[in-house]
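Position one of the sequence shown corresponds to residue 1 (UniProt numbering), numbered consecutively onward.
Just so you know, even glycine gets a beta-carbon here, dropped at the ideal spot from N, CA and C.
Everything below concerns the one structure shown next.
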Amino acid sequence: MAKSLRSKFKRKIRSIARAKKAHKEHALLEGAIARREEYEREQAAKEAEAVKNAPGSEKLESMDDAAPESTKSATINMKTMKRADGTYPPWMSGV
């Protein structure tokens, strides 16, 4: 890459700066992960509470057991994002 003394010196200084800032950045990332996990736990608890207290939840459970869901397989090629007939879906063209 860089061969001049100036660029070698700048690379060296940036490396030292990264080493100095590494512990602060690590702590920042750990804090972000902890906040995210706490948020996910709260959301799961809220969702469980909402499902538990939802009116008619017994009816929903019995209906789910009675009617099996029919899942439709995707007909879009994920590599080219085209349908089986060679056209693009409308959400690709922004229509």
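Just the C-alpha distance for residue i and residue j, rounded to the nearest angstrom, thanks.
i: valine 51; j: asparagine 77; result: 36 Å
i: glutamate 40; j: lysine 79; result: 32 Å
i: asparagine 53; j: alanine 44; result: 14 Å
i: glutamate 37; j: tryptophan 91; result: 33 Å
i: alanine 19; j: alanine 32; result: 20 Å
Got a sec? Which residues, its chain only, sit under 8 Å from residue i by beta carbon, not counting five neighbours each side?
i: tyrosine 88; result: Met81 and Lys82
i: threonine 75; result: Arg83 and Ala84
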